[in-house]
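Student:
Number of protein chains: 2
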Amino acid sequence: MQLEEGKEKFIQAWGTLGSSWGINRTMAQVHALLLISPEALSTEDVMQELNVSRGNANMNLRALIDWGLISKELKPGERREFFVAEKDMWKVAKQVIRERRKRELEPMLRILEELRQVEGAKGDKETEAFTEAITNLHELSLKADKTLNTMLRADEHWFLSSFMKLMR
Amino acid sequence: MQLEEGKEKFIQAWGTLGSSWGINRTMAQVHALLLISPEALSTEDVMQELNVSRGNANMNLRALIDWGLISKELKPGERREFFVAEKDMWKVAKQVIRERRKRELEPMLRILEELRQVEGAKGDKETEAFTEAITNLHELSLKADKTLNTMLRADEHWFLSSFMKLMR
DNA sequence: TAAAACTTTCAATAACTATTGAAAGTATAG
DNA sequence: CTATACTTTCAATAGTTATTGAAAGTTTTA
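First to last, the protein sequences are chains R and F.
Residue numbers for the first sequence follow this note's numbering, beginning at 1 and rising by one.
Residue numbers for the second sequence follow this note's numbering, beginning at 1001 and rising by one.
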């Protein structure tokens, strides 16, 4: 397979994967493009490579910075901004986990804690089923939270050796 | 807080969470409703509780069955179908992991394996950056796949005791 | 077999999300 | 200071995905 074909396939695949994770297609594609690019790219470069408008490119580059997946890079003697992606995939994965934990797991935990206080007659089936579901979900979420935290604190070496050894 | 208010908040929250995981809102809401329901519910019940049309209720109930998150239940002397959700949250989590692995990770692995064969001049920066990104991503994906597999094979006891102990 | 009770389908449409591109904003260079 | 090179915003619009509801399909009952 030739490089151009491979690039296109990868950008396409990464975009599709993004969609099923609630990440907009263009954002995932910009990320893919930067992941495989040896040089930092300008907004203009992104617009050209992906055939998107200036506004779209700009908005998704900013969103990626917001997620901590890419960063601005200034080239001496250049006025425009260039962008590079973090290339270490384990760091990328950790960053995504960190952000989603903050954006989704933490708010959900707060809601579940609130919902544990639903009151109702002691023998009421409805209330009991509700309370039990919430309690179980809360426990699982807490465990997931702790596990993720530990993973995030671990360095790559730990993940690759100890954890993987345990996992076979 | 009263039961009705709690139910609504939970259904709403679960729906929102679903959206950010690429799951359609109604599907997540139907799931939430069944999770907290002590009895099996009919299509009609779902339509009423969530204010959605028959077609919508039917389609999302089928999708949930497809995901293995709910099942049909037949009541003696009743002609309609009723639906119950799996209530054990660890089983639910495992099932979601299993399905997403099948639907997303496996196809991605296949694409990455294909993309590792991109050819190019040996000193070409573009090709080298591409190959390296693909190789790293492939390695990480393989590791994730193995880890998930091991988790899925493990029973709850293992997860809750050994693994959680390790994780503190 | 026919009517009733229920489920499924699907074309039309509504609702939502992403994208464009021109205009406004900002920073740098001369 | 002001012209230029760039970035950001945002209202309009395109594109996508979800929802409706009536019609078709299926199974059960009598």
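Where is the CB? At the ideal position from N, CA and C, for every residue including glycine.
None of the values given here were measured: they were computed from a predicted structure.
At least one CB of chain F closer than 8 Å to the CB of residue 67/R: is that the case?
Tutor: Chain F contact via Cβ: absent.
Student: DSSP three-state call for residue 36/R: helix, strand or coil?
Tutor: Here residue 36/R sits in coil by DSSP.
Student: Please confirm whether residue 1141/F and residue 1105/F have their CB atoms less than 8 Å apart.
Tutor: Against a cut-off of 8 Å, the Cβ pair of residue 1105/F and residue 1141/F comes out as a contact.
Student: Roughly how many whole angstroms lie between the Cα atoms of residue 66/R and residue 46/R?
Tutor: Residue 66/R and residue 46/R: Cα-Cα distance of roughly 18 Å.
Student: Kindly identify the DSSP beta-bridge partner or partners of residue 83/R.
Tutor: 41/R, 72/R, per the DSSP bridge assignment.
Student: Straight-line CA distance for residue 1010/F to residue 1119/F?
Tutor: Computed Cα separation, rounded: 52 Å.
Student: Counting contacts by CB-CB distance shorter than 8 Å, is residue 1134/F in contact with chain R?
Tutor: By this cut-off, residue 1134/F is an interface position.
Student: Roughly how many angstroms separate the alpha carbons of residue 1025/F and residue 1053/F, rounded to a whole number?
Tutor: Rounded to the nearest angstrom, the two C-alpha atoms are 14 Å apart.
Student: Along chain F, which residues have their Cβ under 9 Å away from the Cβ of residue 2/R?
Tutor: 1118, 1119, 1120, listed in chain order.
Student: Using 8 Å as the Cβ pair cut-off and three pairs as the minimum, do the segment 33-48 of chain R and the segment 1127-1134 of chain F touch?
Tutor: Yes, since at least three Cβ pairs between the segment 33-48 of chain R and the segment 1127-1134 of chain F fall closer than 8 Å, the two stretches touch.
Student: For a cutoff of 8 Å on Cβ pairs, would you count residue 70/R as touching chain F?
Tutor: It does not; no Cβ of chain F falls within 8 Å.
Student: So, under 8 Å CB-CB, residue 1022/F and residue 15/R are touching, yes? Tell me the CB distance rounded to an integer number of Å.
Tutor: Between residue 15/R and residue 1022/F the Cβ distance is about 13 Å, and since that is not below 8 Å, they are no contact.
Student: Tell me residue 2/R's beta-bridge partners as DSSP assigns them.
Tutor: Its beta-bridge partners are 1119/F.
Student: With residue 1042/F and residue 1080/F assumed to form a contact (beta carbons below 8 Å), what rounded beta-carbon distance in angstroms separates them?
Tutor: Contact holds; Cβ gap of about 5 Å.
Student: Quick one: residues in its chain with C-beta nearer than 8 Å to the C-beta of residue 144/R, no 5 flanking neighbours on either side, listed in chain order?
Tutor: For residue 144/R, where only same-chain residues beyond five positions count, the Cβ hits under 8 Å are 105.
Student: Which same chain residues end up closer than 8 Å to residue 148/R when comparing Cβ atoms and leaving out the 5 residues on each side of it in sequence?
Tutor: Excluding sequence neighbours, residue 148/R sits near 97, 101, 105.
Student: Can you list, in chain order, the residues of its chain whose CB lies under 7 Å from that of residue 177/R, leaving out five sequence neighbours each side?
Tutor: Nothing about residue 177/R can be reported from this structure: the residues present for chain R run from 1 to 168 only.
Student: If contacts are defined as beta-carbon pairs under 8 Å, then residue 49/R and residue 33/R qualify, I think. What distance do you get, rounded to the angstrom?
Tutor: At roughly 6 Å, the Cβ-Cβ gap stays under 8 Å, so residue 49/R and residue 33/R are in contact.
Student: Have a look at residue 1122/F and residue 1059/F and give me their C-alpha separation to the nearest angstrom.
Tutor: The alpha-carbon atoms of residue 1122/F and residue 1059/F are separated by roughly 52 Å.
Student: Tell me whether the beta-carbon of residue 1013/F lies closer than 8 Å to the beta-carbon of residue 111/R.
Tutor: Yes.
Student: Below 8 Å on the Cβ atoms is my guess for residue 138/R versus residue 113/R; work out the distance and round it to an integer in Å.
Tutor: Right, the Cβ-Cβ distance comes to about 7 Å (below 8 Å), so this counts as a contact.
Student: Looking at C-alpha atoms only, which residue of 85/R, 117/R, 125/R is the closest neighbour of residue 1001/F?
Tutor: The option with the nearest alpha carbon to residue 1001/F is 117/R.
Student: Identify each residue in the segment 1029-1054 of chain F for which the Cβ-Cβ distance to at least one residue of chain R is less than 7 Å, and report them in chain order.
Tutor: Hits within the stretch, in order: 1035, 1036, 1037, 1038.
Student: Residue 1015/F CB to nearest chain R CB: under 8 Å?
Tutor: It does not; no Cβ of chain R falls within 8 Å.
Student: Could you tell me which whole alpha helix (DSSP H) segments of length 4 or greater appear in the segment 1094-1155 of chain F?
Tutor: Listed in chain order, the complete alpha helix (DSSP H) runs (minimum 4 residues) inside the segment 1094-1155 of chain F are 1106-1115, 1125-1153.
Student: In the DSSP assignment, find the alpha helix (DSSP H) that holds residue 1066/F and state where it starts and stops.
Tutor: Where residue 1066/F is concerned, the enclosing alpha helix (DSSP H) stretches over 1054-1066.
Student: Between the Cα of residue 134/R and the Cα atoms of 153/R, 152/R, 124/R, 109/R, which residue gives the shortest distance?
Tutor: Nearest of 153/R, 152/R, 124/R, 109/R to residue 134/R, Cα basis: 109/R.
Student: I want to see whether chain F comes within less than 8 Å of residue 73/R, judged by CB atoms only; does it?
Tutor: For residue 73/R, the answer is no, since every Cβ of chain F falls outside 8 Å of its Cβ.
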